[in-house]
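Heads up: the structure comes next, in structure tokens.
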Amino acid sequence: MRYVSVQGERVPAVGLGTWRLVGDDCRRAVLEGLELGYRHIDTAQGYGNESQVGEAMRSALVAREELFITTKIDNHNHEPKRVRSSTEESLRALGSEYVDLLLIHWPGDRQQLPFTLEAMQRLRDDGKVRFIGVSNFPPALLREALRHAPVFCDQVEFHPFLAQPGVMEVAREHDLLVTAYSPLARGKVPQDTTMRQIAERKGKAPGQVALRWLIDQERVAVIPKASSREHLQANLDLFDFELSDEERERIDALDRAERIINPPFAPDWDR
Ligand code: NAP
């Protein structure tokens, strides 16, 4: 496994996304993922699968310190008391004394942001959380969060059609982890001619090229979701080829600021 170095911490560059994996499917996919070598798992209070992730973690018999587990505070839990109680519920569901990374899943009321972040820092001080961060924070809001708290990460939609230059600039300035969610653009990557051409030349699949393009960027980790063993394995097999500068530039040129995840409560996206 390749690791991303951020603020002195090593984060596994390829994690397993678990949105829409529930019940036995989730338990099986996470267990299979851990057996194949995943050491970074992404869950959220809103995914309703923290207890299955926890069961898989325990069945896999991987030492807890080897794992990097992220969960996210739901939108209705931003109030400081709820930050604490809901995170404690997450820990009980996961069966773990701590999470590695606790994120605000979506930005909420701006006035409340410093208080939410303060409550998260108290959880960190108590050893229940190793790092705190945000998700779906566009660059200006990310800078605002950084004025209030030692943010470690922004988890954002990031794939060849949405390149996130603004978030990457803030990440460079502050040494932040950028976790790329929907890194396969939820199935759109294989439909693209450029991605298919490059993949064919490398003897790889277009999704593998997209994942490699992402993790070749400094401070970027990816969390593709996969449920079959074949997909789980494919998304780890990213290190037996390299992208040339010319190929990277061709993928860079695919950016069209295309967002797949854009719910009604999303913030105003600046780039
Ligand atoms: P994604 O990872 O871009 O795409 C997942 C889809 O790609 C699934 O249908 C999966 O199929 C398929 N797939 C996976 N590996 C493949 C392969 N090697 N070849 C062909 N198809 C493959 O999309 P996502 O689930 O939206 O994003 C990933 C994770 O990011 C989520 O699970 C979640 O953890 C996180 N996320 C976070 C937020 C947020 O607000 N912070 C929002 C969205 C997502 P199978 O399942 O059949 O394998």
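Its first residue numbered 6, the sequence shown is counted upward by one per residue in the working numbering. Just so you know, even glycine gets a beta-carbon here, dropped at the ideal spot from N, CA and C. Predicted model only: the values in this text are computed from it and were never measured.
Run through the DSSP bridge pairs and tell me what residue 45 is partnered with. Reading the sequence shown from its first residue, position 40 is the one you call residue 45. Its beta-bridge partners are 73.
For residue 274, collect the residues of the same chain with a Cβ closer than 6 Å to its Cβ; drop the 5 residues on either side in sequence, then sort them by chain order. Residue mapping note: residue 274 aligns to position 269 of the sequence shown, counting from 1. 143.
What span of residues does the alpha helix (DSSP H) with residue 14 cover, start to end? In the sequence shown, counting from the first residue as 1, residue 14 sits at position 9. Counting along the chain, residue 14 falls outside any alpha helix (DSSP H), though it belongs to the beta strand (DSSP E) covering 14-17.
Going by DSSP, what residue range makes up the beta strand (DSSP E) through residue 162? Position 157 of the sequence shown, counting from 1, holds the residue named residue 162. Counting along the chain, the beta strand (DSSP E) containing residue 162 begins and ends at 158-162.
Just to check my reading of the structure: residue 113 and residue 83 have Cβ atoms closer than 8 Å, yes? What is that Cβ distance to the nearest angstrom? Within the sequence shown, residue 113 is the residue found at index 108, counting from 1. Within the sequence shown, residue 83 is the residue found at index 78, counting from 1. Rounded, the Cβ-Cβ distance is 5 Å, consistent with contact.
Using a Cβ-Cβ distance cut-off of 8 Å, determine whether residue 79 contacts chain B. In the structure shown, chain B does not exist; there is a single protein chain.
How many whole angstroms separate the CB atoms of residue 194 and residue 215, which I take to be in contact at a CB cut-off of 8 Å? Working through the sequence shown from its first residue, we reach residue 194 at position 189. Working through the sequence shown from its first residue, we reach residue 215 at position 210. Taking the Cβ atoms as the reference, residue 194 lies roughly 5 Å from residue 215, within the contact range of under 8 Å.
Consider the C-beta atom of residue 229 and the heavy atoms of the ligand NAP; say whether any pair is separated by less than 7 Å. As a position in the sequence shown, residue 229 is number 224, starting the count at 1. Result yes, Cβ under 7 Å from the ligand NAP.
Return yes when the C-beta of residue 47 is under 7 Å from any heavy atom of the ligand NAP, and no when it is not. Position 42 of the sequence shown, counted from the first residue, corresponds to residue 47. For residue 47, the distance from the CB to the nearest heavy atom of the ligand NAP is below 7 Å.
According to DSSP, is residue 246 helix, strand or coil? Residue 246 sits at position 241 when you count from the first residue of the sequence shown. Residue 246: coil per DSSP, three-state reduction.
Option in 132, 141, 59 and 13 with minimal Cα separation from residue 269: Reading the sequence shown from its first residue, position 264 is the one you call residue 269. Out of 132, 141, 59 and 13, 141 has the C-alpha closest to the C-alpha of residue 269.
Which same chain residues, not among the five before or five after residue 56, have their C-beta less than 8 Å away from its C-beta? Translated into positions along the sequence shown, residue 56 becomes position 51. Excluding positions up to five away in sequence, the list reads 98, 99 and 100.
Quick one, are the C-beta atoms of residue 135 and residue 105 less than 8 Å apart? Within the sequence shown, the letter at position 130 stands for residue 135. Within the sequence shown, the letter at position 100 stands for residue 105. Their beta carbons are under 8 Å apart, which means residue 135 touches residue 105 by this criterion.
Taking only three categories from DSSP, how would you classify residue 28? To locate residue 28, count along the sequence shown from 1; it is residue 23. DSSP places residue 28 in helix when its eight states are reduced to three.
Between the beta-carbon of residue 20 and the beta-carbon of residue 45, is there less than 8 Å? On the sequence shown, residue 20 is found 15 positions in, with the first residue counted as 1. On the sequence shown, residue 45 is found 40 positions in, with the first residue counted as 1. Between residue 20 and residue 45, the gap from beta carbon to beta carbon is short of 8 Å.
CA-to-CA distance, residue 91 to residue 174, given in whole angstroms: Within the sequence shown, numbered from 1, the residue matching residue 174 stands at position 169. Within the sequence shown, numbered from 1, the residue matching residue 91 stands at position 86. Rounded to whole angstroms, residue 174 to residue 91 spans 32 Å at the Cα level.
Shorter than 7 Å, the distance from the beta carbon of residue 160 to the closest heavy atom of the ligand NAP, or not? The residue you call residue 160 lines up with position 155 of the sequence shown. True, at least one ligand heavy atom lies under 7 Å from that Cβ.
Is the beta carbon of residue 32 within less than 7 Å of some heavy atom of the ligand NAP? In the sequence shown, the residue the question calls residue 32 occupies position 27. In terms of side-chain proximity, the C-beta atom of residue 32 is found no nearer than 7 Å to any non-hydrogen atom of the ligand NAP.
May I ask you to verify whether the segment 116-133 touches the segment 248-265, counting CB pairs closer than 8 Å and requiring at least 3? Cβ pair count under 8 Å is below three, so no.
Using 8 Å for Cβ pairs, my map puts residue 181 next to residue 197. What's the rounded Cβ distance? What you label residue 181 is simply residue 176 of the sequence shown in a count that begins at 1. What you label residue 197 is simply residue 192 of the sequence shown in a count that begins at 1. Rounded, the Cβ-Cβ distance is 28 Å, inconsistent with contact.
Could you tell me if residue 64 is buried or exposed, where buried requires 16 or more neighbouring beta carbons within 10 angstroms of its beta carbon? Within the sequence shown, residue 64 is the residue found at index 59, counting from 1. With a 10 Å radius around the Cβ and a threshold of 16 neighbouring Cβ atoms, residue 64 comes out exposed.
Whole runs of the beta strand (DSSP E) within the segment 135-187, excluding any shorter than 3 residues: 158-162 and 182-186, all fully within the segment 135-187.
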